[in-house]
Amino acid sequence: MQNTPCDASPKPGIIHYVLNGEVQSLEHVDTTRSLLNHLREDRCLTGTKEGCAEGDCGACTVVVGELRDGELQMRTVNACIQFMPSLDGKAVFTVEHLRQESGALHPVQQAMVDCHGSQCGFCTPGFVMSLWSLYLEHEHCGDPPGREQIRSALTGNLCRCTGYRPILDAGEQMFKLSPARFESHALKEKLEALKRNETLVYEHEGRRFFAPCSLQELARLRAENPGALLLAGGTDIGLWVTKQFREIGDMISIDQVPELKRIERDGQFLRIGSGVSLTDSFAAIVALYPQLKELWERFASKPIRNAGTLGGNVANGSPIGDSMPALVALGARVVLHGQRGSRTLALEDLYTGYMRKDMHADELVEAVLIPLPKAGWQMRTYKLSKRFDSDISAVCAAFSIRLDAGHVVDCRVVYGGMAATVKRASQCEKRLIGKSWTEDTLEQALVTLDEDYQPLSDMRASAHYRQQCAKNLLYRFYLETRQHQPLPEERIRVFAVAEEQP
Ligand SMILES: Cc1cc2nc3c(=O)[nH]c(=O)nc-3n(C[C@H](O)[C@H](O)[C@H](O)COP(=O)(O)OP(=O)(O)OC[C@H]3O[C@@H](n4cnc5c(N)ncnc54)[C@H](O)[C@@H]3O)c2cc1C
Ligand code: FES
Ligand code: FES
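So in the working numbering, the last spot in the sequence shown is 912, and the numbers never skip.
Okay, here's the thing in structure tokens:
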């Protein structure tokens, strides 16, 4: 392993990144060497901690800076599941960077001290980095975040001893202390100088990491290296290494392909490139469909959403992936890109079986097309998981319906966690279309969910719980969208009894 300061422009075959303000060159490390292990073991920056090594606890939170359309973006990520070559051309900031030149603590750290936000201290650097990222977001606008925004910024950090109230207090207090400005100009210049015009080809012990700079180059590399694994944000793949100890061969990163990083909109669709982060994808989707805000905020945590991509969620195709039920309920389409060009299909048709897809070996997900809102449609999503934040769904439901004069003209009933793939409830939809949107129709439709799904029992939920919840959620959707019909007496009584119980 060689890690030296460097001021030159990027060299082929060598990883260049900025660490706490200094440009570094790196070679002779594994393609799957994690940023966390590199910081702690190769750089002796032990402020960044390892808790879970799977993106859950936030002890390893660092801030990564990168240029996007010429603007500096500073966001938290989990260092434990980021591979070193994917940091090429980016800047990493650890808790050690926060100490000011005078030796004084940064306002974020001082606020943690003042508010008694730390006990054993193991989680503290992670919390501090999440708060620092929030501090940077707000330092120029003069408008400090509210309690809810602070809470949301900390969804990726767990503390087992202090409790969260003092840490949230620190999130408010840090804006009341004498400010510490972050000098972004010099960093921008360094990142500009590290920008590559050609593919990074990094190799170590026979394993290669490619980071192409155009879609054409990506397609060429895929064709030439059919065995190479596509890497987007690494929030799924990272765990294959840290938890499953899988050997990963060659990888092709899509992170530097500009065509895949765009969000565009025409008269029909919002088009989200597959390399767009979950954070940016969700912001664009929520601007059109505000009713999806809660689902997206409950999708993983802020650092995971900063690193992970919408394309990665769709391409991974897990039956408990959270974006697919909502996207299918909205009628989203997926654009696949391969040697023969691009093709588009309805998202639900992409999934052919458990983790199986209608995608040829040379194809990749290029973009997701989301229809713009149409008059008359109502839509809701509901996620059930054991924890509110940062937890995988037991059941995730998404429903959309178009009513005309109280009749169902069209609808989409979609569930994740109920079958081997995210799946529409075709029998249930058939039972609803053309009928009046009433309690009676709904009762009949609920029965058909037993035909549509035979869910499994696993560590997240039993089959019975899933089946019952699926029905309850559809019933809730009905209650939220029905047009002023009183509930039948006996149903009101059932709810009243349930609510009286502790
Ligand atoms: C702590 C934690 C919490 C999580 N919580 C949630 C959650 O609440 N809900 C949820 O749905 N998921 C969750 N996830 C899973 C993960 O974050 C998402 O699936 C994410 O969207 C994956 O995107 P990525 O860019 O990181 O994909 P990667 O890990 O880079 O790739 C995932 C898979 O997709 C393939 N791939 C990636 N991009 C493309 C492409 N453009 N074309 C073809 N194939 C491609 C890769 O080869 C790989 O097989 C969580 C993960 C962690 C670690
Ligand atoms: S060590 Fe727990 S999130 Fe990285
Ligand atoms: S202070 Fe001990 S885990 Fe948070």
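C-beta atoms are modelled at their ideal positions from N, C-alpha and C, and glycine is treated no differently.
C-alpha distance - residue i paired with residue j, whole-angstrom precision
i	j	result
Arg478	Leu782	25 angstroms
Asn882	Glu704	19 angstroms
Tyr761	Ala736	15 angstroms
Ser684	Pro636	19 angstroms
Gly573	Val819	50 angstroms
Asp553	Gln559	12 angstroms
Ser687	Glu634	27 angstroms
Gly731	Thr486	22 angstroms
Pro865	His507	49 angstroms
Val907	Gln877	Residue confidence is low: Val907 scores 39 on pLDDT, short of 50, so the model does not pin down where it sits. Its coordinate-derived value is still stated next. Going by the C-alpha atoms only, they are around 22 angstroms apart.
Asp923	Glu861	Residue 923 cannot be examined here, being either before or after the span of the chain that is shown, 411 to 912.
Thr835	Glu451	A small correction: the amino acid at residue 835 is Ala; Thr does not occupy that position in the sequence shown. Their Cα atoms are separated by approximately 51 angstroms.
Phe809	Lys840	14 angstroms
Arg575	Pro535	17 angstroms
Cys806	Asp676	29 angstroms
Glu464	Trp787	39 angstroms
Glu608	Gly431	24 angstroms
Ile780	Ala694	10 angstroms
Lys600	Gly480	12 angstroms
Contact check, residue i vs residue j, beta carbons under 8 angstroms
i	j	result
Gln520	Ser444	no
Ser711	Ser795	no
Val505	Val538	yes
Leu625	His747	yes
Ile424	Pro495	no
Cys838	Leu859	yes
Gly616	Gly468	no
Ala549	Arg591	Here the sequence assigns Glu to residue 549, which means Ala is not the residue at that position. Yes, the Cβ-Cβ distance between Glu549 and Arg591 is below 8 angstroms.
Tyr825	Tyr863	yes
Leu597	Pro420	no
Leu631	Ser663	no
Val744	Val696	no
Assigned secondary structure, residue i (DSSP; H/G/I helix, E/B strand, else coil)
i	result
Gln529	coil
Val523	helix
Asp820	strand
Asn882	helix
Ser419	coil
Val667	coil
Ser512	coil
Asn716	helix
Pro700	helix
Tyr888	helix
Met494	helix
His438	coil
Gly499	coil
His874	helix
Pro576	helix
Buried or exposed (CB count within 10 angstroms, at least 16 for buried), residue i
i	result
Ala756	exposed
Arg656	exposed
Met869	exposed
Asn488	buried
His516	buried
Asp498	buried
Asp466	buried
Val857	exposed
Ser540	buried
Arg766	exposed
Lys459	buried
Asn723	buried
Gly643	buried
Ser512	exposed
Cys533	buried
Lys671	buried
Neighbourhood of residue i by C-beta, 7 angstroms cutoff - its chain only, sequence neighbours within 5 removed
i	result
Val611	Pro422, Gly423, Arg618 and Phe620
Ala830	Pro729, Gly763 and Tyr764
Sequence-distant residues of its chain with Cβ nearer than 6 angstroms to residue i (five each side left out)
i	result
Leu852	Tyr888
Ser594	Leu482
Gly461	Cys467 and Ala469
Ala580	Ala521, Met522, Cys525 and Gly527
Ile577	Gly527 and Phe537
Glu674	Arg681
Phe692	Trp706
Asp646	Asn726
Same chain only: Cβ atoms within 8 angstroms of residue i, ignoring 5 sequence neighbours per side
i	result
Gly751	none
Ile843	Val818, Val819, Asp820 and Cys821
Trp847	Ile811, Leu813, Gly816, His817, Val818, Tyr888, Thr891, Arg892 and Gln893
Ser562	Glu707 and Lys712
Residue-chain proximity (residue i, chain D), Cβ-Cβ < 8 angstroms
i	result
Phe537	In the structure shown, chain D does not exist; there is a single protein chain.
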